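Student:
2 protein chains.
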Amino acid sequence: MSSVWFKKHFLRSGSAANPGSAESLRRGVEQQLPAAPLYRRPKFLRGVCSGERLPGRRPIYCPPRDKPLQWRTGYAEVINAEKSEFNEDQATCCQISVRRREIGMEEEQDWLILCSNQYLVGYYWALFDGHGGPDAAIIASNYLHYCIKQKLEEVVEGITEAQPPMHLNGCCICPSDPQFVEEKQIQQEDVVIGALENAFQECDEVIGQEMEATNQSGGCTALAALYLQGKLYVANAGDSRAILVQKQSVVPLSSEFTPETERQRIQQLAFLCPKLLAEEFTRFEFPRRLKGNDVGQKVLYRDYSMAGWGYKTVEKADLKYPLIHGHGKQTRLLGTLAVSRGLGDHQLKVIDTDIEVKPFLSCIPQVKVFDFASCNIKEDDVLVLATDGLWDILSNDEMAQIVRSFLDENRTDPYRFSELARCLVHTARGKKNGHQWILDGNSPASYDDISVFVIPLYKRDEDC
Amino acid sequence: MSSVWFKKHFLRSGSAANPGSAESLRRGVEQQLPAAPLYRRPKFLRGVCSGERLPGRRPIYCPPRDKPLQWRTGYAEVINAEKSEFNEDQATCCQISVRRREIGMEEEQDWLILCSNQYLVGYYWALFDGHGGPDAAIIASNYLHYCIKQKLEEVVEGITEAQPPMHLNGCCICPSDPQFVEEKQIQQEDVVIGALENAFQECDEVIGQEMEATNQSGGCTALAALYLQGKLYVANAGDSRAILVQKQSVVPLSSEFTPETERQRIQQLAFLCPKLLAEEFTRFEFPRRLKGNDVGQKVLYRDYSMAGWGYKTVEKADLKYPLIHGHGKQTRLLGTLAVSRGLGDHQLKVIDTDIEVKPFLSCIPQVKVFDFASCNIKEDDVLVLATDGLWDILSNDEMAQIVRSFLDENRTDPYRFSELARCLVHTARGKKNGHQWILDGNSPASYDDISVFVIPLYKRDEDC
Numbered sequence: 001m002s003s004v005w006f007k008k009h010f011l012r013s014g015s016a017a018n019p020g021s022a023e024s025l026r027r028g029v030e031q032q033l034p035a036a037p038l039y040r041r042p043k044f045l046r047g048v049c050s051g052e053r054l055p056g057r058r059p060i061y062c063p064p065r066d067k068p069l070q071w072r073t074g075y076a077e078v079i080n081a082e083k084s085e086f087n088e089d090q091a092t093c094c095q096i097s098v099r100r101r102e103i104g105m106e107e108e109q110d111w112l113i114l115c116s117n118q119y120l121v122g123y124y125w126a127l128f129d130g131h132g133g134p135d136a137a138i139i140a141s142n143y144l145h146y147c148i149k150q151k152l153e154e155v156v157e158g159i160t161e162a163q164p165p166m167h168l169n170g171c172c173i174c175p176s177d178p179q180f181v182e183e184k185q186i187q188q189e190d191v192v193i194g195a196l197e198n199a200f201q202e203c204d205e206v207i208g209q210e211m212e213a214t215n216q217s218g219g220c221t222a223l224a225a226l227y228l229q230g231k232l233y234v235a236n237a238g239d240s241r242a243i244l245v246q247k248q249s250v251v252p253l254s255s256e257f258t259p260e261t262e263r264q265r266i267q268q269l270a271f272l273c274p275k276l277l278a279e280e281f282t283r284f285e286f287p288r289r290l291k292g293n294d295v296g297q298k299v300l301y302r303d304y305s306m307a308g309w310g311y312k313t314v315e316k317a318d319l320k321y322p323l324i325h326g327h328g329k330q331t332r333l334l335g336t337l338a339v340s341r342g343l344g345d346h347q348l349k350v351i352d353t354d355i356e357v358k359p360f361l362s363c364i365p366q367v368k369v370f371d372f373a374s375c376n377i378k379e380d381d382v383l384v385l386a387t388d389g390l391w392d393i394l395s396n397d398e399m400a401q402i403v404r405s406f407l408d409e410n411r412t413d414p415y416r417f418s419e420l421a422r423c424l425v426h427t428a429r430g431k432k433n434g435h436q437w438i439l440d441g442n443s444p445a446s447y448d449d450i451s452v453f454v455i456p457l458y459k460r461d462e463d464c
Numbered sequence: 001m002s003s004v005w006f007k008k009h010f011l012r013s014g015s016a017a018n019p020g021s022a023e024s025l026r027r028g029v030e031q032q033l034p035a036a037p038l039y040r041r042p043k044f045l046r047g048v049c050s051g052e053r054l055p056g057r058r059p060i061y062c063p064p065r066d067k068p069l070q071w072r073t074g075y076a077e078v079i080n081a082e083k084s085e086f087n088e089d090q091a092t093c094c095q096i097s098v099r100r101r102e103i104g105m106e107e108e109q110d111w112l113i114l115c116s117n118q119y120l121v122g123y124y125w126a127l128f129d130g131h132g133g134p135d136a137a138i139i140a141s142n143y144l145h146y147c148i149k150q151k152l153e154e155v156v157e158g159i160t161e162a163q164p165p166m167h168l169n170g171c172c173i174c175p176s177d178p179q180f181v182e183e184k185q186i187q188q189e190d191v192v193i194g195a196l197e198n199a200f201q202e203c204d205e206v207i208g209q210e211m212e213a214t215n216q217s218g219g220c221t222a223l224a225a226l227y228l229q230g231k232l233y234v235a236n237a238g239d240s241r242a243i244l245v246q247k248q249s250v251v252p253l254s255s256e257f258t259p260e261t262e263r264q265r266i267q268q269l270a271f272l273c274p275k276l277l278a279e280e281f282t283r284f285e286f287p288r289r290l291k292g293n294d295v296g297q298k299v300l301y302r303d304y305s306m307a308g309w310g311y312k313t314v315e316k317a318d319l320k321y322p323l324i325h326g327h328g329k330q331t332r333l334l335g336t337l338a339v340s341r342g343l344g345d346h347q348l349k350v351i352d353t354d355i356e357v358k359p360f361l362s363c364i365p366q367v368k369v370f371d372f373a374s375c376n377i378k379e380d381d382v383l384v385l386a387t388d389g390l391w392d393i394l395s396n397d398e399m400a401q402i403v404r405s406f407l408d409e410n411r412t413d414p415y416r417f418s419e420l421a422r423c424l425v426h427t428a429r430g431k432k433n434g435h436q437w438i439l440d441g442n443s444p445a446s447y448d449d450i451s452v453f454v455i456p457l458y459k460r461d462e463d464c
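Top line first, the protein sequences correspond to chains A and B.
The first sequence begins at 1 in the UniProt record's numbering and counts up one residue at a time.
The second sequence begins at 1 in the UniProt record's numbering and counts up one residue at a time.
(1) Please compile the residues from chain A whose C-beta is within a distance smaller than 8 Å of the C-beta of E197/B.
(2) Where H131/B and D352/B are concerned, what is the direct C-alpha to C-alpha distance, given to the nearest angstrom?
(3) Could you check what DSSP says for N198/A in three-state terms: helix, strand or coil?
(4) If the criterion is Cβ atoms closer than 7 Å, does the pair Y304/B and K312/B meet it?
(5) Measuring alpha carbon to alpha carbon, tell me which of P63/A, D129/A, Y321/A and A317/A ends up nearest L334/A.
(6) Alpha carbons only, please: which of Q95/A, Q268/A, L38/A and N236/A is nearest the one belonging to A386/A?
(7) Just how far apart, CA to CA, sit N169/A and Q330/B?
(8) Would you say T92/B and S50/B are within 7 Å of each other, going by their C-beta atoms?
(9) Counting only the same chain and skipping the five closest in sequence on each side, list residues whose C-beta sits under 8 Å from that of G328/A.
(10) R27/B: buried (16+ other C-beta within 10 angstroms of its C-beta) or exposed?
(11) Quick one: Cα of P252/A to Cα of D440/B, how far?
(12) Got a sec, what are the start and stop residues for the alpha helix (DSSP H) L272/A sits in?
(13) Pull up the distance between the alpha-carbon of R65/A and that of L196/A, whole angstroms please.
(14) Straight-line CA distance for M166/A to D408/B?
(15) Would E189/B be called buried (16 or more neighbouring beta carbons within 10 Å of its own) or exposed?
(16) Pull up the distance between the alpha-carbon of S255/A and that of Y61/B, whole angstroms please.
(17) So with Cβ pairs under 7 Å, would you call N293/B a contact of chain C?
(18) Could you name the residues of chain B that I266/A contacts, counting a contact when the two beta carbons are closer than 9 Å?
(19) Between V339/B and E398/B, what straight-line distance do the alpha-carbon atoms span, to the nearest angstrom?
(20) Can you name the residues of chain B whose CB is closer than 9 Å to the CB of V339/A?
(21) One question on the structure: do E88/B and P59/B come within less than 7 Å of each other, judged by their Cβ atoms?
(22) Taking the CB atoms as reference points, tell me whether L152/B and V78/B lie closer together than 7 Å.
(23) Give the interface partners of D190/A over in chain B, defined as CB-CB distance under 7 Å, in chain order.
(24) Quick one: grab the DSSP three-state call for A338/A.
(25) How far does the beta strand (DSSP E) with Q185/A in it reach, from first residue to last?
(26) Assuming Q95/B is part of the beta strand (DSSP E), what are its boundary residues?
(27) If you draw a straight line from the C-alpha of I173/B to the C-alpha of A162/B, how long is it?
(28) Against V183/B, what residues of chain A qualify as contacts under a CB-to-CB distance less than 8 Å, listed in chain order?
(29) Rounded to the nearest angstrom, what separates L54/A and Q436/A at their Cα positions?
(30) Could you tell me which whole beta strand (DSSP E) segments of length 3 or greater appear in the region 199 to 254 of chain B?
(31) Answer yes if the region 261 to 281 of chain B comes into contact with the region 259 to 277 of chain A, meaning at least three C-beta pairs across the two stretches below 8 Å, and no otherwise.
(32) Please go through the same chain and pick out, in chain order, the residues whose beta-carbon is closer than 7 Å to the beta-carbon of I207/A, but skip the five residues on each side of it.
(33) Using a C-beta cutoff of 7 Å, does H346/B count as contacting chain A?
(34) With DSSP as the reference, label W309/B as helix, strand or coil.
(35) Just the Cα atoms here: how many angstroms apart are P175/B and G158/B?
(36) Report buried or exposed for G238/B, applying the criterion of at least 16 other Cβ atoms within 10 angstroms of its Cβ.
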């Protein structure tokens, strides 16, 4: 199993046993209490962010100016307003070099990770938003790109030809194999999408094994952007969001996966496998939790097969807690989780029960593809990736307006994308007013962790 | 159960035991052989279409000019080129009056079906494309509108107020009930959508019971359009299609449901309930059926969680027949069916096995809503509903071009929508050349049954 391989090569030396890992940081925290807790930050912030929490303050951190990120990418982050003692967001930004493996070459050999023109070079950005602690997000931020590299290398012959071969080794057992592949309209990009899907699954397994071995818990969302061979692949599992901002248009490159958006999938699973609810939950959705005196009445409801609403005569069993309950940001799966896709949460159970949440979660991302060949990218066109802390405050259009006016007013600043990321985070974090964080109009600002990448897309190949 | 109620009120006197029903027609056919088979046609064609097959000929039938359909709707149909001895398409066009039931009023009382201003009046058009015989399509064409009427009447209090009440009887057990409904953004139209979804399910049950009782078999697709309270609801289960054609735009109002478009849902069910495949099928998709010498090779594949393609090392179990196999129109579910949603097929088994197809089928339609208030409908704007016989030959844009130029050239003809329907059917049927049916460019025409409604949308309320 390749997850075993991962474990052997990376995990013991790279995460839990590492002096900088979440586990050892937490141990450190326990020993040092009541000193300010340390929390692990993205590697590229080193030297800027202390990883120490400043009580009552929420400074915004950007990478150091003398160590710019690839493509002059801007990044900024801020910790939550004491919702958690850690910043549960994590971020990664790196190149991924995909090596064509020689047949018979052993996996045991060391990988070449440095960029090289002999290899297929990809550019990778990812955001992870942890829940139940930062541990899953830390492991994912350290390993998802290795999983992607590995999965791409496993199918490299399928992504270097315009039409992927039926057989990976290129042999042609049936003379019309190319025709079968063409009839199914299978293209290079479909194999990259498959590799990304499999990489998320692999990373989820690694997290499960690692968390179990080290007695850690929690999960995280994952939003990853990969630029490869002239196309941008955006893979999303959770409620972060990626948006392409152009002069005239705003193109969403991800959808959110929450108990609300995935209601039908989740309810259908409960219908097919009712044991998963242990007779403690009802799979039906109602506008509110039902009460004893609703019994016998006809009330609004939805089942798994319905996009619309019907009326159902309430039975006693309908008084159980609903599988999906609440509305908007407050919607919870099994009263527990606010997202329906992501990595980790293998041990998560509904409080005081043996009911597992994991069977209802999916670790598979939805992958959207943006082909640069189909679009004339202009100078100020950027891709913005951000965790839900930003999107709780800014709509896509509000964000796009800030992006356009900021870049227009800061034409010459070489750090403009970094400053723009800072400006976006600053807007959503707001200002402190007494014990509250408020926006300009006095409405509440985001109390969540906020992380933002601003990735300039113009002349993207010149920096490589 | 309301399906029992249906049976009692309609089925025994309205379908199988009726002199015009499929069953009695078939009995008649058996007695009269080798005379030309009779097949049941839509009621509104009476006097025009003999219901008798003319060997080697495919005349196009339209409703009689002295009995125009509601809204001056055009309709035309043609039988297949001897693919089946029956025309498996069926059509219905009628008003649906939805009565507000008095509380305590018994279901036993007769329904008022005539249009009346005291009632909510809906306009209904539907196409059904049968497979394995015309029986399911005939029952559906006779009863789906009753199911819709019944389901709408059951929730009429929910569709006559802008915001549906939490409790159907209007009582307010919790003072903030209206707020809960508002937070969930539940509107009138959601309750109509729910009623349509439930009506399809009800009709499917009726068909199942009726087919079992009369030893009939087969299934059908269903595409239904309902105009109610200023909105058009298009409910689709199968591979028929509804398109709104306007001067400047072509708006699809349905999506097709086939083993290809519903691959992931079908594969996931097989993953969760592997017994359904009885170890005779593999749930994986491959570009072609695998052979013995593919074993051990890495070949292209997709599983339920994948939108992309990966490579899988072939095992012996992968040589089984695939759950979904073929490409394009040839794609089959369990080697048997070309559609994945529809009504009927309760007894359908994979040939020579005990494997049931029905668990993989869905009878739930997808409902799309078009709100006339949001769009300025012009004189020649029409809704076109057609079975796959038309869409196999014409793309949406080609169809729209014919619609626009035909209506432009026939401004004054009072039968222009009927003539347009005839023109569309004629285009897809082509001409006979020897034993073949060909298009103008000599390519093959449609050999299938073809049925088309052309529904003018301008000043739609004037004819009511």
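All residues carry an ideal CB built from backbone N, CA and C; glycine is no exception.
All values derive from a computational prediction rather than experimental measurement.
Tutor: So, from the data block:
(1) S305, M306, A307, G308 and G310
(2) 19 Å
(3) helix
(4) no
(5) Y321/A
(6) N236/A
(7) 29 Å
(8) no
(9) E260
(10) Unreliable positioning characterises R27/B in this predicted model, as indicated by a pLDDT of 46, which lies under 50. A coordinate reading is not provided.
(11) 43 Å
(12) R263 to L272
(13) 32 Å
(14) 50 Å
(15) buried
(16) 47 Å
(17) Looking for chain C here will not work: the only protein chains present are A and B.
(18) Here the premise fails: no neighbours, minimum Cβ distance about 13 Å.
(19) 24 Å
(20) Those do not exist, as V339/A stays about 17 Å from chain B at its closest Cβ, beyond 9 Å.
(21) no
(22) no
(23) G308 and W309
(24) coil
(25) Where Q185/A is concerned, there is no enclosing beta strand (DSSP E), given that its DSSP letter is neither H nor E.
(26) D89 to V98
(27) 20 Å
(28) According to the sequence as given, residue 183/B is Glu; it is not Val. Ordered by position in chain A, the residues that pass the 8 Å Cβ test against E183/B are P287, H327 and G328.
(29) 16 Å
(30) 219 to 228, 231 to 237, 241 to 245 and 250 to 252
(31) yes
(32) A136, I139, A140, L343 and G344
(33) no
(34) coil
(35) 18 Å
(36) buried
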